Amino acid sequence: MTVFIVRYAEIALKGKNRGRFEHQLIRNIRDCAAYHGATIDKIERLYGRILVWGERLEVLRTVFGISSISPAQECERNIDSMYTAALQLVKKRAPETFCLKTQRLDKTFAHTSMEVSKIIGKKMEQQTHIPVNLQQAALTIGIEIMPKHVLIFSEKIECFGGLPVGVDSIAHIIVQHKKDVLAGLLMMKRGCQLICQDHPYTRILQSYGQREMHKKTPFHIASDNNGRITDYHPTTFYPLISYTDEEITHEVDNFQQVLDDLH
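When we follow this note's numbering, the leftmost residue of the sequence shown carries the number 16, and every step to the right adds one.
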């Protein structure tokens with residue numbers, strides 16, 4: 016069973032609301048796994064991290080609020096165990112050069128982050144004869160030392176960031192074109208929960224929203240002011256006001272590519 020390190024950025028700036036945002040993110044992680052057919056066995060909330068054990072968790076790339084994820088390997092909290100796990104990664108990948116980046120989230124650990132990287136890196140270099148390159152390494156191995164775990168990883172998958180869907184208002188969107196999809200996605204990235212009519216383009220919104228749609232809402236999202244919302248009287252948002260047609264197409268294609276990569 017794989018453990019995934021889930022990182023977030025903007026949520027950490029929310030002060031007293033941080034806990035509420037983290038709990039919403041965890042709910043969305045569970046919804047995402049259920050929607051995409053992934054399995055979750057356990058979730059552990061740490062300060063600045065969420066650890067998720069399960070299978071097929073690459074689907075978490077579609078959860079707004081997550082800045083990056085890393086599939087990782089657990090090992091014991093000692094230098095020898097860390098060395099063994101890191102050595103396995105280097106032997107498996109056989110890079111021309113490598114480096115280690117250690118983050119000591121538990122400051123009570125006996126060695127500093129720099130000491131851990133230096134000790135393990137030197138032993139690995141002697142064992143494999145693969146040189147360490149701190150500037151342009153072909154393989155970067157991450158070590159995160161936590162209160163109960165040490166996690167080793169070599170991949171950091173960038174996600175869309177933003178805020179978790181559901182921490183802000185519910186909004187209605189009429190979807191007819193690609194630009195409507197991007198308007199919806201950008202508002203979801205700011206925490207809005209969407210409702211919309213059945214349309215082929217709404218499937219991408221559903222894939223990133225992963226929850227039931229409501230029937231009434233005080234807000235409306237529009238890609239432009241083209242007269243399609245004359246029958247609605249809520250507050251209207253225009254998140255694409257500064258986007259060109261080329262930028263809209265590029266951004267929608269980026270969101271779609273992530274979904275294509277997962278299937």
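We put the beta carbon where it would ideally sit given N, CA and C, even for glycine.
All values derive from a computational prediction rather than experimental measurement.
- Judged by DSSP secondary structure, G136 falls outside any beta strand (DSSP E) and instead within the alpha helix (DSSP H) spanning S128 to T143.
- Ranking S83, E70, D276 and I145 by CA distance to the CA of V105 puts I145 first.
- Around the beta carbon of Y23, 16 or more other beta carbons sit within 10 angstroms, so the residue counts as buried.
- By a beta-carbon distance limit of 8 angstroms, C211 does not contact D183. Their separation comes to about 16 angstroms.
- According to the DSSP secondary-structure assignment, I84 is paired through a beta bridge with V21 and I172.
- The C-alpha of R108 is placed about 25 angstroms away from the C-alpha of R119.
- A distance of 9 angstroms or more separates the beta carbons of L200 and L178.
- Secondary structure at C211: strand, using DSSP grouped into helix, strand and coil.
- Between P110 and F168, the CB-CB gap reaches or exceeds 9 angstroms.
- With contacts defined as CB atoms closer than 9 angstroms, L115 and T143 fail to qualify as a contacting pair.
- When beta bridges are read from the DSSP output, T217 appears opposite no residue.
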